[in-house]
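Enquirer:
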Amino acid sequence: MTRPAVPARELGDLLRARRERLQPADVGLPPGVRRRTRGLRREEVAQLAAISSTYYTVLEQGRDVRPSRQVLDALATALRLDSTERTHIHELIHGAPSAAGRAAAESLPPAVLALVDRLDPSPAYVTGRRWDVLASNRAARALWTDWPARPAQDRNMLWWTFADPEAREILVDWPAEASALLGRFRTAAARHPGDPGFAELLERLHAVSPEVRDWWPRHTVTPLSSGSKRLRHPVLGELELQHLVLQLADDPEQKLVTFTAAEADQDRITALLG
1 MTRPAVPARE LGDLLRARRE RLQPADVGLP PGVRRRTRGL RREEVAQLAA
51 ISSTYYTVLE QGRDVRPSRQ VLDALATALR LDSTERTHIH ELIHGAPSAA
101 GRAAAESLPP AVLALVDRLD PSPAYVTGRR WDVLASNRAA RALWTDWPAR
151 PAQDRNMLWW TFADPEAREI LVDWPAEASA LLGRFRTAAA RHPGDPGFAE
201 LLERLHAVSP EVRDWWPRHT VTPLSSGSKR LRHPVLGELE LQHLVLQLAD
251 DPEQKLVTFT AAEADQDRIT ALLG
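Structure representation (structure tokens):
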């Protein structure tokens with residue numbers, strides 16, 4: 001039997017060691033029944049990283065496979081790897097990065113996650129440097145989309161706006177909203193010239209959206225701003241919401257967006273949530 005490649009074995013050993021040092025409470029999971037496994041179970045890590053249990057087992061066993069950068073970032077976040085460990089697993093599988101490097105995957109402090117939930121039934125969500133949706137409460141998921149239910153790579157405001165047909169139904173002023181969002185994305189991309197995640201997302205957007213292919217060469221840049229937003233809901237009809245954008249002090253690239261509605265509309269949103 002052929003021995004697996006050394007980098008794959010080293011990755012598997014690291015994944016197993018980091019899994020065994022974590023407890024369910026460390027990653028927000030319930031303790032469950034009596035556990036015979038030290039640390040987290042393999043299936044729990046797979047769930048946190050949004051990959052299959054079978055694939056995670058293959059990786060931990062050190063078989064000669066080459067997980068994508070996205071999978072490695074998801075595993076690093078699930079296993080609470082620090083920046084040095086995160087860089088190490090990327091270099092193990094994909095070699096040393098360019099001098100510019102790759103920005104680390106984003107996560108939110110528990111206090112911010114709790115705040116977003118407490119704002120229900122007023123819609124609220126948090127986006128990261130590329131407008132990945134890092135957190136959302138029930139009201140936001142009811143009016144926009146169920147972000148946690150989407151594939152990890154699609155939990156992004158730009159991808160939803162340009163690639164998902166439902167966005168054109170929900171956003172009453174879709175052309176203006178989409179154009180402004182693309183302009184804000186361009187502004188952010190200029191601040192992260194060494195982060196290939198921006199180029200990867202832009203390439204995906206070009207592949208699916210004629211508007212992106214048409215608008216991107218215009219070099220429009222748009223600043224962050226608060227204001228109003230009109231949404232169309234299949235049950236509630238058209239809603240007008242005032243939104244406020246707050247940048248987090250610990251990471252200004254992470255933006256908390258909160259929404260308020262007129263009293264009558266807010267009552268309807270509350271009733272929708274049950």
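Numbering (the UniProt record's numbering), first residue to last: 1 to 274. For every residue, glycine included, the Cβ atom is placed at its ideal position computed from N, Cα and C. Bear in mind the structure is a predicted one, so any value in this text is a computation, not a measurement.
1) Classify Gly-197 as helix, strand or coil using the three-state DSSP reduction.
2) Compute the distance between the beta-carbons of Val-212 and Leu-182, then report whether it is under 8 angstroms.
3) Which residues mark the beginning and the end of the beta strand (DSSP E) in which Gln-254 is found?
4) Quick check on Val-45: buried or exposed, where buried means 16 or more other Cβ atoms within 10 Å of its Cβ?
5) Going by CA-CA distance only, name the one from Phe-162, Arg-184, Pro-123 and Ala-78 that's closest to Pro-223.
6) What do you get for residue 279, buried or exposed, if any count of 16 or more other CB atoms within 10 angstroms of its CB means buried?
7) Pro-123: buried (16+ other C-beta within 10 angstroms of its C-beta) or exposed?
8) Using the DSSP secondary-structure output, state which residues sit across from Ala-135 in a beta bridge.
9) Can you check which of these residues, Ala-261, Ser-107, Arg-141 and Thr-127, is closest to Leu-48 by C-alpha distance?
10) Thinking just about the alpha-carbon of each residue, which of Pro-148, Gln-153 and Trp-144 is nearest to the one in Pro-165?
11) Report the option in Asp-117, Gln-23 and Asp-120 whose CA atom is closest to the CA atom of Thr-37.
12) Using beta-carbon positions only, say whether Leu-14 and Ile-93 come within less than 8 angstroms of one another.
13) Quick one: Cα of Arg-168 to Cα of Ser-179, how far?
14) Would you kindly report the start and end of the unbroken beta strand (DSSP E) that includes Glu-240?
15) Could you compute how far the alpha carbon of Trp-216 sits from the alpha carbon of Glu-203?
16) Can you look up Gly-12 in the DSSP assignment and give me helix, strand or coil?
17) Round the Cβ separation of Thr-127 and Val-257 to the nearest angstrom and send it over; I've been treating them as touching at under 8 angstroms.
18) Taking all protein chains shown into account, do 16 or more other C-beta atoms lie within 10 angstroms of the C-beta of Glu-91, making it buried, or fewer, making it exposed?
19) I'd like the span of the alpha helix (DSSP H) that includes Gly-183, first residue to last.
20) Who are the near neighbours of Gly-227 in its chain, counting only those whose CB is closer than 7 angstroms to its CB and skipping five residues on each side?
21) For Leu-108, which of helix, strand or coil comes out of DSSP?
22) Decide if Asp-146 is buried, meaning its Cβ has at least 16 other Cβ atoms within 10 Å, or exposed.
23) Identify whether Ser-53 lies in helix, strand or coil by the three-state DSSP scheme.
24) Let me know the secondary structure DSSP gives Ser-83 once reduced to three states.
25) Would you mind giving the Cβ-Cβ distance between Met-157 and Val-172, rounded to the nearest angstrom? I have them listed as a contact below 8 angstroms.
26) Within 10 angstroms of its Cβ, does Pro-234 collect 16 or more other Cβ (buried), or is it exposed?
Expert: Quick answer:
1) Taking the sequence shown and counting its residues from 1, one reaches residue 197 at position 197. In the three-state scheme derived from DSSP, where H, G and I count as helix and E and B as strand, Gly-197 is classed as helix.
2) Taking the sequence shown and counting its residues from 1, one reaches residue 212 at position 212. Taking the sequence shown and counting its residues from 1, one reaches residue 182 at position 182. Yes, the pair counts as a contact, with Cβ atoms nearer than the cut-off.
3) Looking up residue 254 in the sequence shown gives position 254. 251-261 is the span of the beta strand (DSSP E), which, as asked, contains Gln-254.
4) In the sequence shown, counting from the first residue as 1, residue 45 sits at position 45. Looking at its Cβ environment, which holds 16 or more other Cβ atoms inside 10 Å, Val-45 is buried.
5) Numbered from 1 along the sequence shown, position 223 holds the residue referred to as residue 223. From the listed residues Phe-162, Arg-184, Pro-123 and Ala-78, the smallest Cα separation to Pro-223 is found for Arg-184.
6) As shown, the chain starts at 1 and ends at 274. That puts residue 279 outside it, with no answer to give.
7) Along the sequence shown, read from residue 1 onward, the residue named residue 123 stands at position 123. Classification of Pro-123: buried, given that the 10 Å Cβ count is 16 or more.
8) As a position in the sequence shown, residue 135 is number 135, starting the count at 1. Under DSSP, Ala-135 forms a beta bridge with Val-126.
9) For the purposes of this step, residue 48 is taken as residue 48 along the sequence shown, with counting starting at 1. Answer by Cα proximity: Ser-107.
10) On the sequence shown, position 165 is the one that residue 165 refers to. Minimum Cα-Cα distance from Pro-165 among the listed residues Pro-148, Gln-153 and Trp-144 corresponds to Trp-144.
11) Taking the first residue of the sequence shown as position 1, residue 37 is located at position 37. Of the candidates Asp-117, Gln-23 and Asp-120, the one whose C-alpha sits nearest the C-alpha of Thr-37 is Gln-23.
12) Residue mapping note: residue 14 aligns to position 14 of the sequence shown, counting from 1. Residue mapping note: residue 93 aligns to position 93 of the sequence shown, counting from 1. No.
13) Along the sequence shown, read from residue 1 onward, the residue named residue 168 stands at position 168. Along the sequence shown, read from residue 1 onward, the residue named residue 179 stands at position 179. Roughly 13 angstroms separates the two Cα atoms.
14) Here residue 240 is taken as the residue at index 240 of the sequence shown, counted from 1. Per DSSP, Glu-240 belongs to the beta strand (DSSP E) from 237-248.
15) As a working note, residue 216 is residue 216 in the sequence shown. As a working note, residue 203 is residue 203 in the sequence shown. Approximately 11 angstroms between the Cα atoms of the pair.
16) To locate residue 12, count along the sequence shown from 1; it is residue 12. In this structure, Gly-12 counts as helix in the three-state DSSP scheme.
17) Taking the sequence shown and counting its residues from 1, one reaches residue 127 at position 127. Taking the sequence shown and counting its residues from 1, one reaches residue 257 at position 257. Taking C-beta atoms under 8 angstroms as the contact rule, Thr-127 and Val-257 qualify, at a distance of about 7 angstroms.
18) Here residue 91 is taken as the residue at index 91 of the sequence shown, counted from 1. By the 10 Å Cβ count, Glu-91 comes out exposed.
19) For the purposes of this step, residue 183 is taken as residue 183 along the sequence shown, with counting starting at 1. Where Gly-183 is concerned, the enclosing alpha helix (DSSP H) stretches over 174-191.
20) Translated into positions along the sequence shown, residue 227 becomes position 227. His-243.
21) Sequence index remark: in the sequence shown, residue 108 carries index 108 (1-based). For Leu-108, the secondary structure class from DSSP, reduced to helix, strand or coil, is coil.
22) If you number the sequence shown from 1, residue 146 lands on position 146. Per the 10 Å Cβ criterion, exposed.
23) By 1-based counting over the sequence shown, the position of residue 53 is 53. Correct three-state label for Ser-53: helix.
24) Walking along the sequence shown from the start, residue 83 turns up at place 83. In the structure shown, Ser-83 sits in a helix (DSSP, three-state: H, G or I).
25) To locate residue 157, count along the sequence shown from 1; it is residue 157. To locate residue 172, count along the sequence shown from 1; it is residue 172. About 16 angstroms separates the beta carbons of Met-157 and Val-172, which is beyond the 8 angstroms limit, so they are not a contact pair.
26) As a position in the sequence shown, residue 234 is number 234, starting the count at 1. Pro-234 comes out exposed.
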